[in-house]
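Residue numbers (this note's numbering), protein chains in the order written: chain A, 1 to 478; chain B, 1001 to 1478. Just so you know, even glycine gets a beta-carbon here, dropped at the ideal spot from N, CA and C. Bear in mind that the values here come from a model prediction, so they are computed numbers and not experimental data. Everything below concerns the one structure shown next.
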């Protein structure tokens, strides 16, 4: 128990220093390691296994909705990046430039892709000619680079992994449908797979993606009350199509511009998993993406029959869940702490007394509930329990978010909440950029989104007092 | 049939111009598209689906042999690249250099990884301390960049996709075992999944990887008689460990250097699939990685009951194979050509007469054999047929290779074969680098490997005539 205590003490408590707690968890749970490459992280096996499970689930959802994977070059010639004015203004300040290939200076600089709209546009212009070629529903899994000054593993790194969907459609309506469809895929994925409740909404013009007509977002709340933009879906209208000349001949033999979308989710979402579900003992992983869903810890494993039984259970359970047995010579207390730190959803303990009673003990990571289960009901009970853990985590996260969500009608109320609390603020907005800017300047809080589910908090803008019919969710963001 | 003919004629016959045939196939089968990024290719959905199937199968094999996936930064600081002398000499001339991040000039140049030994070494030095930390068996899926002057899709591009395994071990024996184990994984994968026969062997010092103690390779033969290095596995000994200071404390509490390996396979292997199996009608895909294993073409689909039957068959077959039905309004002849071009292993034809007889027609892509199958035996027959196609393709490729493999005892014989034939030449070598250089200079042929399966062609070196006990496979290489 001394060892166990030491391990737990090694994490800074959340309430003491949330940022340090985060850093402690990602290191102690072996998710990442730092490297000598400034601003870049090494994703270690346990962290990467989480990403693989995320990829697998998302990729299936993309394919079910008719998307195909492709791979574009990682470099973008400077002239290509410059073709869409808003887009280059948004990204040029934060890209890495390749100037030399081998011993030679390049005639044109190449940037390492910060996102691939320009490459996809060029490709679409080459392959789309007729209405018969539409829609094209593409996705790409890759890494992208954005030169960030201050970085934090998963949340903001110079290089990160993501997927970027890029689609072209014959009509504006189809593009809008696609934009919302993929936002819904992200929202459903977050709630049903990651147990993270999200708010779906539209970004204000100030916060939208460089070059987009409209940006939609899912916003989640971290344990410290800050918001994390967890996935975005953009409708480009025909802006990029006009800049890149992506046209098709319609059924009446007339030339039309295509309508385009893009949407992305990144390794950032692993930061959300950590900060939504984690606690002072470490990670708490949602069962549907946990690399290990259940860990078996034999108790008094030197006693006759214990290891054999543990192995038998592992073999049985490995047919239905991702299971690991730890029969190393560390003491059980140390192992308990270790797998709590790693956020394994269920711990199974089996010792001589359990074997005598033909039962095992299951312990939930999320709420530490202990459950005694007859051995012959094990598979069924474990499968059900994983679902219960998922539901429990989702509800807990929703309650946490709701308890940190406030409403403000007057500027004074807004400023007081922004100064004293950390969380979401619901307040009305007139739609004027000046008000948005002023709120940010005065309180440090930004508009997260205009939620699809609107509420009427009042009739007037929380900033200028003019008539307002948009409710905005405001918050400090990662 | 006119359309069909046109489509087929659009490919240059192999015997007329093999390079042009290759280019025609990859374009007509929609595998790749060119982009404005010099030397880089766009991998289109059909090409990427092949890569996904390769990845899935290889990844399972890596995990079964105990390996874990990780992700390293894509950049390598210049000073880190320079730590191992041979390695930097081999790679520095062909890397892309990032010199600016955003608006600022970097204090140290970063190269875009051409391979990640140096990053893994730095990481291993950080995380390996005791014999308890060993072995570390890591793999990474990523893209790498090598600045090539002349490029060809899949075979040689500035950027390509690959996996790179990197492992560290306590002893030289374990590292050697790992090196050979992974070579065998590659060889088995090529033969059992891609139907490509390979020759396993060791590279000469001249041809080994920059920084390796020993490089092992699998070599396959393309339809034009040229060799393609299809996968390599390197034993680094403790060379990198000494350069990067990767040490561990052994059981006797003494400091030891680790022993390291790396091994890689890339999208290049798709080039091998095309050039080993393809024919003048286009691609011939090995069934185990074909994105579509069977395509259903309804005949006289406007007639009553045909489409319904085709749909019923699709639904049945989709439970056991990757199936597609094409009920577009193109004529069957056009569809036949289209799916031949795309290399779909089996075509299923079903029309009114077949329905009457309660049968379907299966047509093999590899040898065009037609098989009539009773509808109620369909699933079994298709599954068996896919295996038969695989075996047939493997045997055909082996026969092709053997028919283009020659032996030479004297320099004159060697030169004559090299001048008149295209294929592998088996000949003895004394082990002297000078002879290897001279053979290359005189004939343009290089040593592919010293095969594990040695044969005694003669007693003396084919170049200098001195005693020789090594048989080398020589050939022109991609």
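Residue burial classification, residue i (beta-carbon count within 10 angstroms, cutoff 16)
i	result
residue 1459 of chain B	exposed
residue 1356 of chain B	exposed
residue 1085 of chain B	exposed
residue 1368 of chain B	exposed
residue 448 of chain A	buried
residue 2 of chain A	Because the pLDDT of residue 2 of chain A is 42, which lies under 50, any placement of that residue in the model is unreliable, and the question is left without a value.
residue 411 of chain A	buried
residue 277 of chain A	buried
residue 318 of chain A	exposed
residue 1020 of chain B	exposed
residue 305 of chain A	exposed
residue 402 of chain A	exposed
Residue i to residue j span [Cα, whole Å]
i	j	result
residue 1379 of chain B	residue 1326 of chain B	19 Å
residue 1453 of chain B	residue 1464 of chain B	23 Å
residue 227 of chain A	residue 217 of chain A	12 Å
residue 1177 of chain B	residue 1138 of chain B	15 Å
residue 1118 of chain B	residue 97 of chain A	22 Å
residue 179 of chain A	residue 430 of chain A	25 Å
residue 295 of chain A	residue 310 of chain A	10 Å
residue 1154 of chain B	residue 1068 of chain B	26 Å
residue 1428 of chain B	residue 1203 of chain B	14 Å
residue 384 of chain A	residue 1056 of chain B	29 Å
residue 8 of chain A	residue 332 of chain A	With a pLDDT of only 48 at residue 8 of chain A, under 50, the local geometry of the prediction cannot be trusted, and no value is derived from it.
residue 1263 of chain B	residue 1198 of chain B	16 Å
residue 1012 of chain B	residue 120 of chain A	30 Å
residue 1314 of chain B	residue 1323 of chain B	7 Å
residue 481 of chain A	residue 374 of chain A	Because chain A here runs from 1 to 478, residue 481 of chain A falls outside it and cannot be looked at.
residue 5 of chain A	residue 334 of chain A	Here residue 5 of chain A scores only 47 on pLDDT, less than 50, and its place in the model should not be relied on; the value that follows carries that caveat. Their backbone Cα atoms lie some 8 Å apart in a straight line.
residue 1022 of chain B	residue 1398 of chain B	20 Å
residue 303 of chain A	residue 349 of chain A	14 Å
residue 480 of chain A	residue 270 of chain A	This structure does not reach residue 480 of chain A, given that chain A is present from 1 up to 478, and the question cannot be answered.
residue 173 of chain A	residue 321 of chain A	42 Å
residue 330 of chain A	residue 1287 of chain B	48 Å
Same chain, Cβ closer than 7 Å to residue i, neighbours up to 5 away in sequence not counted
i	result
residue 77 of chain A	108 and 110
residue 283 of chain A	25, 29, 274, 341, 342 and 343
residue 44 of chain A	30, 31, 32 and 33
residue 1191 of chain B	1197, 1198 and 1394
Other residues of its chain near residue i: CB distance less than 8 Å, five sequence neighbours each side excluded
i	result
residue 1150 of chain B	1156
residue 279 of chain A	14
residue 404 of chain A	221, 225, 421, 422, 423 and 424
residue 129 of chain A	248 and 249
residue 1042 of chain B	1032, 1033, 1034 and 1035
residue 1169 of chain B	1134, 1135, 1175, 1178, 1258, 1259, 1260 and 1261
residue 467 of chain A	430, 459, 460 and 461
residue 1083 of chain B	1118, 1121, 1243 and 1244
Close-in-space but distant-in-sequence residues of the same chain around residue i (CB under 6 Å, 5 per side omitted)
i	result
residue 95 of chain A	111 and 114
residue 1214 of chain B	1235
residue 75 of chain A	110
residue 1090 of chain B	1210
residue 160 of chain A	266 and 267
Select from the segment 23-57 of chain A all residues with a C-beta closer than 7 Å to any C-beta belonging to chain B, and list them in chain order. 33, 35, 36, 37, 40, 42, 43, 44, 45, 48 and 52
Chain A contacts made by the segment 1117-1142 of chain B, where a contact means CB separation under 8 Å: 1119, 1122, 1123, 1126, 1127, 1138 and 1142
What ranges does the beta strand (DSSP E) occupy inside the segment 114-172 of chain A, keeping only unbroken runs of at least 3 residues that lie completely in it? 136-145 and 159-169
Complete runs of the beta strand (DSSP E) confined to the segment 9-56 of chain A [at least 3 residues]: You should have 32-34 and 41-43.
4-residue-minimum alpha helix (DSSP H) runs that sit fully inside the segment 363-438 of chain A, ordered along the chain: 378-403 and 411-420
Which runs of the alpha helix (DSSP H) fall wholly inside the segment 296-371 of chain A and span at least 4 residues, in chain order? For secondary structure counted as the alpha helix (DSSP H) over 4 or more consecutive residues, the segment 296-371 of chain A holds these complete runs in sequence order: 306-317, 332-341 and 352-357.
In chain order, what are the residue ranges of uninterrupted alpha helix (DSSP H) at least 4 long that sit wholly in the segment 76-111 of chain A? Taking only runs of at least 4 residues, the alpha helix (DSSP H) segments lying wholly in the segment 76-111 of chain A are 78-81 and 85-91.
Contiguous beta strand (DSSP E) assignments of at least 3 residues, all confined to the segment 1209-1260 of chain B: The segment 1209-1260 of chain B contains, as complete beta strand (DSSP E) runs of 3+ residues, the segments 1214-1221, 1227-1237, 1247-1249 and 1255-1257 (chain order).
Please list, in chain order, the residues of the segment 177-197 of chain A that have any C-beta partner in chain B closer than 7 Å. none
For the segment 1171-1206 of chain B, which segments carrying the alpha helix (DSSP H) assignment without a break, of at least 4 residues, lie completely within its bounds, in sequence order? 1172-1192
Residues within the segment 157-172 of chain A neighbouring chain B, beta-carbon criterion of under 7 Å: 159 and 161
Residues from the segment 1061-1089 of chain B in contact with chain A, defined by Cβ distance under 8 Å: Taking 8 Å as the Cβ-Cβ cut-off against chain A, the residues of the segment 1061-1089 of chain B that qualify are 1068, 1069, 1070, 1071, 1072, 1073, 1074, 1075, 1076, 1077 and 1080.
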